[in-house]
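Here the structure comes first, spelled out in structure tokens, and everything after it is commentary.
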Amino acid sequence: MPDSPLKANLREFLDSNANKIIDAIPFAREIGFEITDVRETTVVARLPYKDKIVAEAESGIIAGGVITTLLDSLCGLSCGLRMGSLGAVATLDLRIDYMRAATPYTDIIAEAECYHKTRSVCFSRAIAYHIDPSDTIATAAGAFAITAPDGASDNDKTAG
Amino acid sequence: MMIDMPNSPNRPALNQLLEDSPFTNLIGFKLQVAGDDILATMPFRETLLGNVMISALHGGAMAAFLELVSTAKVILVSNEIDRPKIVNISINYHRQGRALDLFGAARVVKKGRRIVTVHAEAWQSHREKAVVSTIANFKVGGQQTD
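In order, the protein sequence lines correspond to chains A and B.
So in numbering that gives the first Met the number 0, spot 55 of the first sequence is number 54, and the numbers just go up one at a time.
So in numbering that gives the first Met the number 0, spot 120 of the second sequence is number 119, and the numbers just go up one at a time.
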């Protein structure tokens, strides 16, 4: 499927500037994850372990809410990638299933793909793991409302 | 972290959730307890934003907040000693979260022997205009207090 110039540009932009985008999202910066790969409609990120995102002190286990934030952010980014505009979508809903607790003191990898798009909704799924996707920590499925026409605007209008 | 509650067998589990938790501190989670009911607050801070241009709270932060609200509710109704383990959570985003304090409340839909199901809601200016709502399943049935 040939890319619109905007989508291709966005992918190139993300390839070299992804982490400037993360830096511009305060809570994403606070959690501290970094985009490591950008493909067609897939975004991959690494969440380095840090003590301040742990649920129970001294456990080394990253909090569930952090994983939710990571997967929510990546699903949104993958839909923005597909739309050719990062501000074009707003989360409608998201479902996270936890397979197991994270391994203590270990970085988390997550990837999200926007696998379907209609005129008004984007659908995305994501997975979080440590080394291999088959060793799943959590999975996510999300629906995102399209708030701007295909790559037409960077204005982020959300419903009141 | 403020806990407003009389002595209760659930205090250790709630303490662990609230006072010994780096992530709970990171989002500034506060809790008021009344019997087995709660009112939670996530006071606004800049680091909770998802979009600086329109001053919108990050969806993940709001979801994490409600996950904590739900966990606290499960602890209060189930006499668990350890933190209840979350199985899954379904998050619905109704409105943009603004640069204001976020409040949360939870209701147990079903308390089983192994699974507890909790609805939680978050709001800002108007109780009837929920910003986010969640449904979560928790695994219980581990060690219990008397």
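For glycine and all other residues, C-beta sits at the position ideal for the given N, C-alpha and C.
For the stretch 84-97 of chain A, the residues whose beta carbon sits under 9 Å from a beta carbon of chain B are, in order, GLY86, ALA89, THR90, LEU91, ASP92, LEU93, ARG94, ILE95, ASP96 and TYR97.
Within chain B, not a single residue places a beta-carbon under 8 Å from that of A:PHE32; the smallest gap is close to 11 Å. With a threshold of 8 Å between beta carbons, B:SER89 makes contact with chain A. Chain B places a beta carbon closer than 8 Å to that of A:ALA23, counting this residue as a contact. For the stretch 11-45 of chain B, residues whose beta-carbon sits nearer than 7 Å to a beta-carbon of chain A comprise GLN15, ASP19, SER20, PRO21, PHE22, LEU25 and GLU45.
Here DSSP, grouped into helix, strand and coil, assigns B:ALA104 to strand.
Beyond the five residues adjoining it in sequence on each side, B:ARG94 comes within less than 7 Å, by CB distance, of LYS128 and VAL130 in the same chain, given in chain order. Per DSSP, the unbroken beta strand (DSSP E) holding A:PHE122 starts and ends at 120-128. For A:GLU55, the neighbours in chain B by C-beta distance under 8 Å run, in chain order, GLN15, ASP19, SER20 and ARG82. By the Cβ rule, the stretch 37-57 of chain B does not count as touching the stretch 77-94 of chain B, because fewer than three pairs are nearer than 8 Å. Neighbourhood of B:ILE85 in chain A, by CB distance below 8 Å: GLY63 and TYR97, in chain order. Taking 8 Å as the upper bound for CB-CB distance, B:THR70 and B:LEU16 are in contact here, some 6 Å apart.
Your pair B:VAL117 and B:PHE137 checks out as a contact, with CB atoms roughly 7 Å apart and the cut at 8 Å.
Beta-bridge partners assigned by DSSP to B:GLN31: B:LEU38.
Under the three-state reduction of DSSP, A:GLY31 is assigned to coil, being neither helix nor strand. Rounded to whole angstroms, the Cβ separation of B:LEU56 and B:ILE26 is 11 Å, and the two are not in contact under 8 Å. Identification of chain B residues near A:SER72 by a Cβ-Cβ cut-off of 9 Å yields GLY49, HIS57, GLY58 and GLY59, ordered along the chain. By the criterion of a C-beta distance shorter than 8 Å, A:ASP106 is surrounded in its chain by ARG45, LEU46, PRO47, TYR48 and HIS129, once the five residues flanking it on both sides are discounted.
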